[in-house]
Amino acid sequence: MRRTLVLIGGLCVLLPAATLAAEEAPITGLYPTVLQMTRQENNQSSAELALKMGIPQILAGKTAFPITAQHVEAAITNKFSTLCSNGELKDVTFTECMEVAAQIVEVAQRESWIRALGRDLMMIATSYEPEADGHTGRKHELSVKLPAAMYWWQSGSDRATNPAMSTKIRLMTVDDDEFEEHADDISGILSDFSFDSIVTLLQRYKHGYAVVQGKDNRGDCDEDEDEGGGGGELGELTIRSCELEVALHKTWEDLPHDELQNVQEGELVVFPVFDLTVPGFSNVVLWLRADDVGLLWGLPVQPVLPDITVPGGSYIGGPGAPGLDEGICSHAFGKRGYLCRPQELEDCPIDLEPLEPEQGEEEPVGGTIELHACVPHKFETRKIESGSNSCQVGGWRIPTEPSIMLQEDTPTKDNKLQAELCENCKVDLYCQGDCDGALGMTYNKNEKGVIPICLKQQQEVAPYEYIVLHELVHAQQKCNLPIEGTLDSDTQAGCCTAEYYPNVVMCKAMMEDGLVDVKKFTLEECAMMLSNESCATWEYACTGEPPDIDSYNERKELLWESFKPPPPQGQECQNAIRQMSERALSIKESLKLSCTPGCEAQYENTIGNNLCYISQCVEESLEAHRLIPGRIPYVTQDEAYPWDSCMKDRSELPDLVAIPPLTRTFLPQYRGRDLVEQMDMLLCQVSGLPKLSPPILCTFHPNRRTNQPLRDYADTFSSLLSLNEESAMRAQDLQGSAQNIGTRMGTMMYQNYLHKALREFADLVRAANGLIYAVGDTQIPSVACPRNYTGGCGIFQ
Amino acid sequence: MQKTPSRTSAKKELLFAGIALCALAGFAFWKGDNLRLAGQTVVGGVGGPNMPILGACTGREEEDLYEITREDLQFPGPPDVIDMWTERYHKRVEQIVDEYLANMQFEIDCLNSNVDQLVPPGAQMLALAAQLPPWENGGGADLSYVDTPTVLLEFLRTYECALTERYFFSFGDVTKELKEIMARNDAELLWGEVIEEYVEQARKIGHEMSIARPAMNRVLTVTSGRGRLKNLDIEAECFYRATMDLRNAMSLAAEASACFPRVQDTKDPLRDYE
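Which chain is which? The protein sequence lines are A and B, in order.
Going by this note's numbering, the first sequence opens with residue -13, and the numbers climb by one from there.
Going by this note's numbering, the second sequence opens with residue 255, and the numbers climb by one from there.
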């Protein structure tokens, strides 16, 4: 009795444990997920759920008897006895049953092949995209490191004139515990869905939930649309889950929106990401952004597969191409990609809108090629005067503490201002009703060293901040000229030379602040159009007459509209002078001398800024200081002092160090059609035939055997019969190699693109390294200029 | 006169045939390695090339990847050999793939001129390579992180080879294994069990052969993309570091250049005369 009780008790303990053990742990990890997927595609013991549910609908009315999911399962897993000995089918003959099974298997094989192909294509895309798509939530190694390196290379002058727009990115933290809770909630919601539904939802919300709801409907979810699709073969792409959207909306509401008030126009804010735990998935995160919150599957191995019950090829509307700010282009790093913005082509501004057909011409069919004229710079002159020429645009210095003696510049004419110790000039900005007909006018330097800058009171052409920048760059140009020195602006070339950089700085500032749309205009186009206006005495002075004047005028109007300020309230001009922007203050500070003993210079520690300082020091030293006592350094004359001949030969290194030119990078050409045609040609070559059109003719060509018969008629006949199979094997080999070939072509394109850019920078780094070493190797003698010494050169060793 | 074949002639013929056969056998024995049983060598012979010896895929040595030990042959059996191999293979591949992806985060040595050594090879990958034919005799010392897919593909090849071999000799192997189990446990071997086990193992082998390579191709497609851009990542990181070093050097040069005017404004010797 006791033994029986123990046995029963033991069974009671063991049975639940066995049941628990029998429950499989959810699959995570890349390889197990892929393996499970592959197993299911080849599984002979169970059919895929989508096939079981979909095939009965596909074959409805086309079979001898209505089929169900169980019939599909039995047919696919070769359990014909189970299928045909079903009691419900007693009126169906075995032959009819086998015919139905064959129909099911045929459809299942087709659909399985498509689904497997979809997964293969997805994995190929996954192998490329994560490193390069710039999606929020990923680690952007290349996207972060290269721009960061560029930042430390540039000087302030470069940033003011560089056509490449750098996106300002701000990192912000959030309460980890609070958002971990949100992540857990979302994980729980997702876990209730099937595998295919989770894949669909991850795809649906990968660019954010607000995008799905619509900007005007944030927080609203139409219950009728919940978990329903838009219909059609790609209907799954429009599926929604209100429960999930509510959770994402709550997460977005808990972001620190108060701190986000300080974010500047065009600045992107990036938050940390939180991992989600979803059974059967790995690398799923919840990403946060100031304007949206979404999900990201880091290594997606399955796409949203089409609905198999809809006949193939019937798209309702289709997914369509995303707009320039949508989809992948809505992400902080993604929007910097070449798919999301026009290329900065200095000499070739390209219309984004297609040209209208001329009268009488037919409207072109889509896919036309449009040619655009490339208009280079029209000016070739350059004026060099004494004073610092390098980094002449300014903007590389930070204002230092003003001296006590410094008189503050007011919005009226300040007659008591004058240039001080560390200055070659001083600017006096003032507001006036008329500035000789211009919005702003920079006059010549007067006898006190002051450059008056007039700003027109009450104007509605452009915000004052940018006019101030424009005029300050003119002040830079005039600062080192003698009193009443001019810029030769009375000639066309001189005018364009003088106006170009001020307009570049002005346009760059407007683009950074979002006034000018960088997707519609390039920096070059903006600067050239403004230069034409500045030199309006000559028609199209700086660009030359455009090939399409109407198009030019249209675009000019568009540009003017984009930076038109709101109607003036009264004090805008005065405020622009009293509360100058940081950029303007930086340019104003750059007017000062760099290397005069006793003068302070402050700047951000970048390579470019350091070079600006070094080069200005060298220039000022050469022009204003005696390098050799009593002598001008660049004049040849007899030995004036006994130690002149002891001067060491100049180091060869600076002469031999050639600074490599930094040429614009290019996108390697992707000729997909050419590649496919080459593959087709390979197919023919592999079959021993010349290129035939269409290439499918190469797969079976009886001449291959009839022109070269074998010794025996029977062998020849047999070979003829197996030609198809031989060709199929060759095509299969080629197909297997196609992926490798494609991979290599893609990698080669990427290498070509980056090799050029990185090689030039590597050369630059090498050159800079050489110069630094040369400076370090310079030997300074302990004795400089001995008096009354005639003992030879030994004293200088 | 008609000559009739005599018994004596027939005997002579047989004798000559026997001597010829012995000579051939002796020749074969003398040549040794070049003439062995089929499956190990193709034609060798005097002046011919030495062809590689194609060994068996399993049971080549102790503790190989596909060893079936005594512990595996448990009563009442039959041993789940295919399931064992399948589980071991997939588990090992999963560990190495996870290690490969995890190794993406590492400390970069920018001063190392050998690109292959920038990323350390995974310990699990090296351990597996040491058990595979191309690297089992110490050839794995040159393996690097980028060789992980190669090692995995070789592992797949041995796996498929083992399964194929098992398939061809399955009946005999199953019979031998079941016999051993039954003998150790004084049980009777039933041929029905043998047939059932043989059919089941053949089915499992067919299934594994149809999924192992596609699964490996897919996972290598995904991982190879990530590895492809890794070198560029490393270059970008090293370029960034070089930039920071150069920035520091340039700032020192700027400090030195501030002294230019001071240095050059040396006292004019003409002024020394008082």
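Heads up, the beta-carbon is just placed ideally off N, CA and C, and yes, glycines get one too.
| task | Assess, as a yes-or-no matter, whether the segment 471 to 483 of chain A is touched by the segment 433 to 442 of chain A under the definition of 3 or more beta carbon pairs within less than 8 Å. | result | Short answer: they don't touch.
| Proximity test, Cβ basis, 8 Å: Gly479 (chain B) and chain A | Within the second sequence, numbered from 1, the residue matching residue 479 (chain B) stands at position 225. Yes, Gly479 (chain B) lies at the interface with chain A (some Cβ there is under 8 Å from its Cβ).
| said: Can you give me the C-alpha to C-alpha distance between Asp278 (chain A) and Leu187 (chain A), rounded to a whole angstrom? | reply: Reading the first sequence from its first residue, position 292 is the one you call residue 278 (chain A). Reading the first sequence from its first residue, position 201 is the one you call residue 187 (chain A). So the two alpha carbons sit approximately 16 Å from each other.
| task | Would you give the residue range spanned by the alpha helix (DSSP H) that Val271 (chain A) belongs to? | result | In the first sequence, residue 271 (chain A) corresponds to position 285, counting from 1. That residue, Val271 (chain A), is in no alpha helix (DSSP H); its beta strand (DSSP E) goes Val270 to Leu274.
| Which residue from A:Gly762, A:Asn774, A:Ala748 and A:Ser183 puts its Cα closest to that of Trp139 (chain A)? | Translated into the one-based positions of the first sequence, residue 139 (chain A) becomes position 153. Out of A:Gly762, A:Asn774, A:Ala748 and A:Ser183, A:Ala748 has the C-alpha closest to the C-alpha of Trp139 (chain A).
| query | Out of curiosity, what's the CA-to-CA distance linking Phe165 (chain A) and Ala469 (chain B)? | reply | Counted from its first residue, the first sequence places residue 165 (chain A) at position 179. Counted from its first residue, the second sequence places residue 469 (chain B) at position 215. Take the alpha-carbon of Phe165 (chain A) and the one of Ala469 (chain B): they are about 36 Å apart.
| message | In this structure, how does DSSP classify Leu282 (chain A) when only helix, strand and coil are distinguished? | response | Translated into the one-based positions of the first sequence, residue 282 (chain A) becomes position 296. Note: Leu282 (chain A) maps to strand in three-state DSSP.
| How do the segment 513 to 525 of chain A and the segment 495 to 502 of chain A stand: do at least 3 beta-carbon pairs fall below 8 Å, yes or no? | No, they do not touch.
| query | Hey, does Ile336 (chain B) have any beta-carbon neighbour from chain A nearer than 8 Å? | reply | What you label residue 336 (chain B) is simply residue 82 of the second sequence in a count that begins at 1. No - not a single Cβ of chain A is within 8 Å of the one on Ile336 (chain B).
| query | Mind listing which residues of the segment 460 to 472 of chain B have their C-beta closer than 7 Å to chain A's C-betas, in chain order? | reply | If the cut-off is 7 Å between Cβ atoms, the segment 460 to 472 of chain B has His461, Ser464, Ile465, Pro468, Ala469 and Arg472 near chain A.
| query | Any idea if Met504 (chain B) is buried or exposed, counting beta-carbon neighbours within 10 angstroms, 16 or more meaning buried? | reply | Locating residue 504 (chain B) in the second sequence gives position 250, where the first residue counts as 1. In the assembly as shown, Met504 (chain B) is a buried residue. Its beta-carbon has 16 or more other beta-carbons within 10 Å.
| query | Heavy atom of the ligand MN less than 7 Å from the Cβ of Met665 (chain A), yes or no? | reply | Absence of the ligand MN from the depicted structure is noted, as is the absence of any ligand whatsoever, leaving it without description.
| said: Give me the subset of the segment 730 to 750 of chain A whose CB atoms are less than 7 Å from a CB atom of chain B, sorted by chain position. | reply: Result list: Thr733, Leu740, Leu744 and Phe747.
| Skipping 5 residues on each side, what residues in its chain have a beta carbon closer than 6 Å to that of Asp287 (chain B)? | To locate residue 287 (chain B), count along the second sequence from 1; it is residue 33. The pLDDT assigned to Asp287 (chain B) is 39, lower than 50, so where the model puts this residue is not dependable; a value taken from the coordinates is nonetheless given after this. So no residue of the chain qualifies.
| said: Give me the chain B residues within the contact set of Arg25 (chain A), using Cβ-Cβ distance strictly less than 9 Å, ordered along the chain. | reply: The residue you call residue 25 (chain A) lines up with position 39 of the first sequence. The contacting residues are His461, Ile465 and Ala469.
| request: Measure the C-alpha to C-alpha separation of Trp238 (chain A) and Val249 (chain A) and round it to an integer number of angstroms. | output: As a first step, residue 238 (chain A) is located in the first sequence; it is residue number 252 there, counting from the start. As a first step, residue 249 (chain A) is located in the first sequence; it is residue number 263 there, counting from the start. Rounded to the nearest angstrom, the gap between the Cα atoms of Trp238 (chain A) and Val249 (chain A) is 17 Å.
| said: According to DSSP, is Lys321 (chain A) part of a helix, a strand, or is it coil? | reply: Within the first sequence, residue 321 (chain A) is the residue found at index 335, counting from 1. Residue state, collapsed to three classes: helix.
| task | Give the range of the alpha helix (DSSP H) segment to which Thr483 (chain A) is assigned. | result | Here residue 483 (chain A) refers to the residue found at position 497 of the first sequence. Boundaries of the alpha helix (DSSP H) harbouring Thr483 (chain A): Gln478 to Glu498, taken from the DSSP string.
| request: Could you check how far apart the C-beta atoms of Leu432 (chain B) and Ile350 (chain B) are, in whole angstroms? I think they sit under 8 Å. | output: As a working mapping, residue 432 (chain B) is identified with position 178 in the second sequence. As a working mapping, residue 350 (chain B) is identified with position 96 in the second sequence. The pair is not a contact, with the Cβ atoms about 34 Å apart (cut-off 8 Å).
| message | Nearest by alpha-carbon distance to Gln557 (chain A): which of A:Glu568, A:Asn28, A:Glu712 and A:Thr398 is it? | response | Locating residue 557 (chain A) in the first sequence gives position 571, counting from the first residue. The shortest Cα separation from Gln557 (chain A) among A:Glu568, A:Asn28, A:Glu712 and A:Thr398 belongs to A:Thr398.
| Option nearest Arg457 (chain B) by Cα separation, candidates B:Thr418, B:Trp445, B:Asn357 and B:Glu434 | Taking the first residue of the second sequence as position 1, residue 457 (chain B) is located at position 203. Minimum Cα distance to Arg457 (chain B) is reached at B:Thr418.
| field | Cut-off 7 Å between Cβ atoms - residues of its own chain near Leu661 (chain A), not counting five sequence neighbours on either side | value | Taking the first residue of the first sequence as 1, we reach residue 661 (chain A) at position 675. Excluding the 5 residues flanking it on each side, Leu661 (chain A) has same chain C-beta neighbours closer than 7 Å at Met731, in chain order.
| Proximal residues to Met492 (chain A) (C-beta, below 6 Å), its chain only, five neighbours per side dropped | One-based indexing of the first sequence puts residue 492 (chain A) at position 506. Excluding sequence neighbours, Met492 (chain A) sits near Tyr452, Leu455 and His456.
| query | If you draw a straight line from the C-alpha of Leu407 (chain A) to the C-alpha of Gly778 (chain A), how long is it? | reply | On the first sequence, position 421 is the one that residue 407 (chain A) refers to. On the first sequence, position 792 is the one that residue 778 (chain A) refers to. Leu407 (chain A) and Gly778 (chain A): Cα-Cα distance of roughly 41 Å.
| task | Pull out every residue of the segment 480 to 491 of chain B whose Cβ sits closer than 8 Å to any Cβ of chain A, in chain order. | result | If the cut-off is 8 Å between Cβ atoms, the segment 480 to 491 of chain B has Arg480, Arg482, Leu483, Leu486, Asp487, Glu489, Ala490 and Glu491 near chain A.
| task | Starting from Met109 (chain A), find everything on chain B with Cβ-Cβ shorter than 7 Å and list it in chain order. | result | Numbered from its first residue, the first sequence carries residue 109 (chain A) at position 123. Under a criterion of Cβ atoms nearer than 7 Å, the residues of chain B adjacent to Met109 (chain A) are, in order, Arg472, Thr475 and Val476.
| field | Pair within 8 Å by beta-carbon distance, Leu720 (chain A) and Leu668 (chain A) | value | By one-based count along the first sequence, residue 720 (chain A) stands at place 734. By one-based count along the first sequence, residue 668 (chain A) stands at place 682. Yes, the Cβ-Cβ distance between Leu720 (chain A) and Leu668 (chain A) is below 8 Å.
| Asn368 (chain B) to Ser537 (chain A), Cα distance in whole Å? | Here residue 368 (chain B) refers to the residue found at position 114 when the second sequence is read from its first residue. Here residue 537 (chain A) refers to the residue found at position 551 when the first sequence is read from its first residue. Going by the C-alpha atoms only, they are around 55 Å apart.
| task | Compare the C-beta of Ala405 (chain A) with all C-beta atoms of chain B and state if any pair is closer than 8 Å. | result | Position 419 of the first sequence, counted from the start, is the residue given in the question as residue 405 (chain A). Closer than 8 Å: no.
| Glu409 (chain A) (DSSP reduced to helix, strand or coil) | Counted from its first residue, the first sequence places residue 409 (chain A) at position 423. Looking at Glu409 (chain A) - three-state DSSP - the assignment turns out to be strand.
| Quick one: what does DSSP say Gln140 (chain A) is sitting in, helix, strand or coil? | For the purposes of this step, residue 140 (chain A) is taken as the residue at position 154 of the first sequence. It is coil, neither helix nor strand.
| said: On the CB-based measure, 16 or more other CB atoms within 10 Å of its CB, does Ile488 (chain B) come out buried or exposed? | reply: Sequence index remark: in the second sequence, residue 488 (chain B) carries index 234 (1-based). Classification for Ile488 (chain B): buried.
| query | At which residue ranges does the segment 539 to 603 of chain A contain complete alpha helix (DSSP H) runs of 4 or more residues, listed in the order of the chain? | reply | Counting whole runs of 4 or more residues, the segment 539 to 603 of chain A contains the alpha helix (DSSP H) stretches 558 to 564 and 568 to 575.
| field | Proximal chain A residues relative to Ala377 (chain B), where beta-carbon distance stays under 9 Å | value | What you label residue 377 (chain B) is simply residue 123 of the second sequence in a count that begins at 1. Under a criterion of Cβ atoms nearer than 9 Å, no residue of chain A is adjacent to Ala377 (chain B); the nearest Cβ is some 18 Å distant.
| query | Is Cys528 (chain A) helix, strand or coil by DSSP? | reply | Indexing the first sequence from 1 puts residue 528 (chain A) at position 542. It is coil, neither helix nor strand.
| said: I'd like to know if Asp363 (chain B) contacts chain A, where contact means its C-beta is closer than 8 Å to some C-beta of that chain. | reply: Sequence index remark: in the second sequence, residue 363 (chain B) carries index 109 (1-based). Asp363 (chain B) has a beta carbon lying at 8 Å or more from every beta carbon in chain A.
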